[in-house]
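Peer 1: Okay, here's the structure, questions in a sec.
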Amino acid sequence: MPDLALIIFIITYFGVALGRIPGLMLDRTGIALLGAIAMIASGIVPLTEAMTAIDLPTIILLYSLMVLSAQLRLGGFYTWVINSTTGILDHPRLFLLTSMLTAALLSALLANDIVCLAFTPVLCLVLLKKGLNPLPFLLGLAAASNIGSAATIIGNPQNMLIGQVGQLHFGSFLLWCGPPTLIALAGAYGILCRTYTGRFAIATARQTAEQTPGWPELDRWQSGKGLLAMLALVGLFFTPIPRELSAITVAGILLCSRKMHSRRIMELVDWHLITLFCALFIVVHGITSREIPRLLMEAMAGHGLTITNLF
């Protein structure tokens, strides 16, 4: 049923791109999951095929990095990073540069969405307390996290999938993608500085609490353990050991803690993102198993639109 498979694929990806379906309380994950269910329920993708359609190494790698990031977050590392730079808040441009470089570096080594979620509340707190306009700094955080994540295979889920499927070497990927990332980061910083010239400050500083409940203070041992695990993992990525095996082993070691309950770490794993990827793997398998992409390529070639690999 290639026609039905294509219809399900188009509706699913249109919904994911739109982010919602009018009249329904569905987000992107829910839409993708419904698409996967439709592929299975219609018989296009048998249940046994659906399980094998999921690229397990990519999912394991993504999950492991989320565990590592959760370790750093619960150890108060992200809070400490922002608080340690408050001494340069009197120089907004320098603070913007520092926060962007930090976010880009961490996003290159960890899942970028976790970096944004961890930094944003603390960043807003210190900026409002100092009387600075949060907008340019939050835009800088978002831009730097996305730009920095493009530098490495493990920076974001898309790169993980590309790296796993293409069996790309960690060092070679960094060598090719690192320089464009630095150029893009410099460009983003320059644009923000130019756009917000004279608008870094707000009228008055706001009174805020010194510490908000739920934001962990720095635990040197737990943060140090997370940083050591991150450095060890990066080193393992330069070895022939499969990345997913290295990552899940490091994640397993981090879960063996006498002070930090594994449930707290699991609560910070983005299960919605993992579900989204699993569902999309099944949806894509639904059309590739019917050779719809090949048929579309042949149809385009028949109209003179030949797509080839430039490299």
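Converting from the sequence shown to our numbering requires adding 227 to each position, the first position being numbered 1.
Each residue gets a CB set at the ideal place from its N, CA and C atoms; glycine is no exception.
All values reported here derive from a predicted model rather than from experimental measurement.
1. Taking the beta carbon of H488 as the centre, do at least 16 other beta carbons fall within 10 Å, making it buried, or is it exposed?
2. With the cut-off set at 8 Å, would you say A378 and G358 are in Cβ contact?
3. Could you work out which residue in R485, E525, I309, V511 is closest to I234 when comparing CA atoms only?
4. Go ahead and label Q391 buried or exposed: buried means 16 or more other beta carbons lie within 10 angstroms of its beta carbon, across all protein chains shown.
5. Take the Cβ of D497 as the centre, count every other Cβ of all protein chains shown within 10 Å, and call the residue buried at 16 or more, exposed below.
6. Figure out for me which residue from Q298, G314, L402 has the closest Cα to the Cα of W448.
7. Going straight from the alpha carbon of N310 to that of V349, what length do you get?
8. Can you have a look at R485 and say buried or exposed, based on whether 16 or more other CB atoms are within 10 angstroms of its CB?
9. Helix or strand or just coil, what does DSSP make of I287?
10. Would you list the one or two residues that DSSP bridges to A428?
11. Could you name each continuous alpha helix (DSSP H) segment of 4 residues or more that falls completely within the segment 230-300, going from the start of the chain to the end?
12. Count the other CB atoms within 10 Å of the CB of C483; is the residue buried (16 or more) or exposed (fewer)?
13. DSSP on C483, reduced to helix/strand/coil?
14. Just the Cα atoms here: how many angstroms apart are I380 and L401?
15. Would you call the CB atoms of R255 and L503 closer than 8 Å?
16. Let's see if you can read the secondary structure: which residues bound the alpha helix (DSSP H) around Y416?
17. Run through DSSP, which three-state label would H512 get?
18. With respect to the alpha helix (DSSP H) encompassing E525, which residues constitute its N-terminal and C-terminal limits?
19. Can you find a heavy atom of the ligand COA that lies under 7 Å from the Cβ of L337?
20. Quick check on the burial criterion: 16 or more other C-beta atoms within 10 angstroms. Buried or exposed for P520?
21. Taking the alpha carbon of A506 as the point to measure from, which residue in P361, R426, T422, I258 has its own alpha carbon closest?
22. Kindly indicate which three-state DSSP category I385 falls into: helix, strand or coil?
23. Where does P348 sit, in a helix, a strand or coil, going by DSSP?
24. Pick out whichever of T285, T408, L231 has its Cα sitting closest to the Cα of G262.
25. With distances taken Cα to Cα, identify the nearest neighbour of S399 among C420, F465, L321, R247.
26. Take the Cβ of L523 as the centre, count every other Cβ of all protein chains shown within 10 Å, and call the residue buried at 16 or more, exposed below.
27. What does a CB cutoff of less than 6 Å around T285 pick up in its chain, not counting 5 residues either side in sequence?
28. Terminal residues of the continuous alpha helix (DSSP H) containing P319?
29. Three-state secondary structure (DSSP) at H488?
30. Measure the beta-carbon distance from F322 to L328 and round it to whole angstroms, keeping in mind my assumption that it falls under 8 Å.
31. Hey, how far is the Cα of G453 from the Cα of A459?
Peer 2: With the given structure in hand:
1. exposed
2. no
3. V511
4. buried
5. buried
6. Q298
7. 8 Å
8. exposed
9. helix
10. L359
11. 255-268, 274-280
12. exposed
13. coil
14. 8 Å
15. yes
16. 397-422
17. helix
18. 519-529
19. This structure lacks the ligand COA; in fact it carries no ligand of any kind.
20. exposed
21. I258
22. Looking at the sequence itself, residue 385 is Gln, so the reference to Ile does not match. Q385 falls in the helix class under three-state DSSP.
23. helix
24. L231
25. F465
26. exposed
27. M387, L388, Q391
28. 319-336
29. coil
30. Actually they are not in contact, since the Cβ atoms of F322 and L328 sit about 11 Å apart, beyond 8 Å.
31. 10 Å
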